[in-house]
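All remarks here apply to the structure that follows.
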Amino acid sequence: GAGVSQSPSNKVTEKGKDVELRCDPISGHTALYWYRQSLGQGLEFLIYFQGNSAPDKSGLPSDRFSAERTGGSVSTLTIQRTQQEDSAVYLCASSLYGPDTQYFGPGTRLTVL
Amino acid sequence: AQTVTQSQPEMSVQEAETVTLSCTYDTSESDYYLFWYKQPPSRQMILVIRQEAYKQQNATENRFSVNFQKAAKSFSLKISDSQLGDAAMYFCAFRAGGTSYGKLTFGQGTILTVHP
Numbered sequence: 378g379a380g381v382s383q384s385p386s387n388k389v390t391e392k393g394k395d396v397e398l399r400c401d402p403i404s405g406h407t408a409l410y411w412y413r414q415s416l417g418q419g420l421e422f423l424i425y426f427q428g429n430s431a432p433d434k435s436g437l438p439s440d441r442f443s444a445e446r447t448g449g450s451v452s453t454l455t456i457q458r459t460q461q462e463d464s465a466v467y468l469c470a471s472s473l474y475g476p477d478t479q480y481f482g483p484g485t486r487l488t489v490l
Numbered sequence: 008a009q010t011v012t013q014s015q016p017e018m019s020v021q022e023a024e025t026v027t028l029s030c031t032y033d034t035s036e037s038d039y040y041l042f043w044y045k046q047p048p049s050r051q052m053i054l055v056i057r058q059e060a061y062k063q064q065n066a067t068e069n070r071f072s073v074n075f076q077k078a079a080k081s082f083s084l085k086i087s088d089s090q091l092g093d094a095a096m097y098f099c100a101f102r103a104g105g106t107s108y109g110k111l112t113f114g115q116g117t118i119l120t121v122h123p
């Protein structure tokens with residue numbers, strides 16, 4: 378079956394602009410995670426969704442970052458007023474249920490000029 | 008909070024040889040899971056192997072095996088009969104057990120080069 382997909386694959390934006398990153402999890406997976414991979418910070422957890430609710434948002438680095446999930450499926454990560462330090466690869470993962478094995482998407486590489 | 012440390016930024020191995028990647032972790036949890044993920048240039052993280060902390064037996068998956076030393080908080084990955092397709096970044100990851108979800112804490116990664 379189809380794996381986790383993310384779009385766009387690459388995004389280049391100017392400092393101060395807003396961006397939206399999309400994640401389509403594996404069909405039927407109830408849990409969805411966002412992680413960020415950057416040179417300085419490595420791989421770090423951002424947010425966890427169970428269904429449409431986000432019980433753990435503890436990894437979001439600032440209030441410029443927000444995420445939502447609709448219909449228990451697609452999730453969008455929004456970064457407002459992007460800064461150069463937001464440049465990173467944003468990875469999405471899904472699992473059948475909370476503690477189950479996570480399957481990752483190919484990521485979105487965000488470059489903020 | 009838990010931490011995961013991979014002390015080898017880069018490793019290399021000859022094709023068909025064996026290589027071991029190191030990982031140590033720190034946690035106060037008694038119930039947890041450990042993972043090795045592979046990230047090729049395509050960026051997609053692929054699960055290589057998983058170990059439950061309550062299991063004494065080391066996990067194996069074909070050419071991949073782990074040496075899990077719970078008291079030492081060490082979790083190394085051995086790749087036998089290395090293949091060119093094994094070249095990638097490898098991440099060690101930790102997940103606390105007894106929770107309703109699987110937030111992962113990753114190490115810094117080890118770049119593995121396989122020489123023909």
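If you read the sequences in order, they're chains A and B.
Here my numbering is used: the first residue of the first sequence is 378, the next is one more, and so on.
Here my numbering is used: the first residue of the second sequence is 8, the next is one more, and so on.
Note that CB positions come from ideal geometry on N, CA and C, so glycine has one too.
Computed from a prediction, not measured in an experiment: that's the story for all the values here.
Helix, strand or coil for A/Gln383? Go by DSSP, reduced to three states. Strand at A/Gln383.
Exposed unless 16 or more other CB atoms sit within 10 angstroms - verdict on B/Ile53: exposed
Validate contact between the stretch 437–447 of chain A and the stretch 27–36 of chain B using beta carbons, cut 8 Å, 3 pairs: no
Continuous beta strand (DSSP E) assignments of at least 3 residues falling wholly in the stretch 418–448 of chain A: 419–427, 430–433 and 442–446
A/Ala465, enclosing beta strand (DSSP E) - first and last residue: Ala465 to Ser472
How would you write the range of the beta strand (DSSP E) that A/Val489 sits in, first residue to last? Thr485 to Val489
How about A/Val489 and A/Ser472: do their beta carbons lie closer than 7 Å? no
At a cut of 8 Å, does the stretch 451–459 of chain A reach the stretch 395–402 of chain A through at least three beta carbon pairs? Yes, they touch.
Chain B beta carbons: is any one of them nearer than 7 Å to that of A/Gly484? yes
Let me confirm a value: B/Arg70 is counted as buried when at least 16 other C-beta atoms fall within 10 Å, else exposed. Which label applies? exposed
What are the start and end residues of the beta strand (DSSP E) that includes B/Leu41? For B/Leu41, the enclosing beta strand (DSSP E) stretches over residues Tyr39 to Gln46.
What does the Cβ neighbour count give for A/Val389, buried or exposed, with the cut at 16 atoms within 10 Å? exposed
Under 9 Å Cβ-Cβ, which residues of chain A neighbour B/Lys110? Tyr410, Phe422, Tyr425, Asp433, Ser435 and Gly436
Spatially closest choice to A/Gly405 from A/Pro483, A/Arg486 and A/Gly475, by CA coordinates: A/Gly475
I need the straight-line Cα distance from B/Ala23 to A/Phe481, nearest angstrom please. One C-alpha to the other measures close to 28 Å.
Integer Cβ distance of B/Lys85 from B/Ser72, believed to fall under 8 Å: 5 Å
Would B/Met52 count as contacting chain A if we go by Cβ distances under 7 Å? yes
Within-7 Å CB hit, A/Pro476 to chain B: yes
Boundaries (first-last residue) of the beta strand (DSSP E) holding A/Tyr412: Looking at the DSSP string, the run of the beta strand (DSSP E) that includes A/Tyr412 is Ala408 to Ser415.
Cross-chain neighbours of B/Phe98 in chain A, by beta carbon under 7 Å: Leu420
Along the beta strand (DSSP E) that carries B/Tyr97, what are the first and last residues, could you check? Ala95 to Ala103
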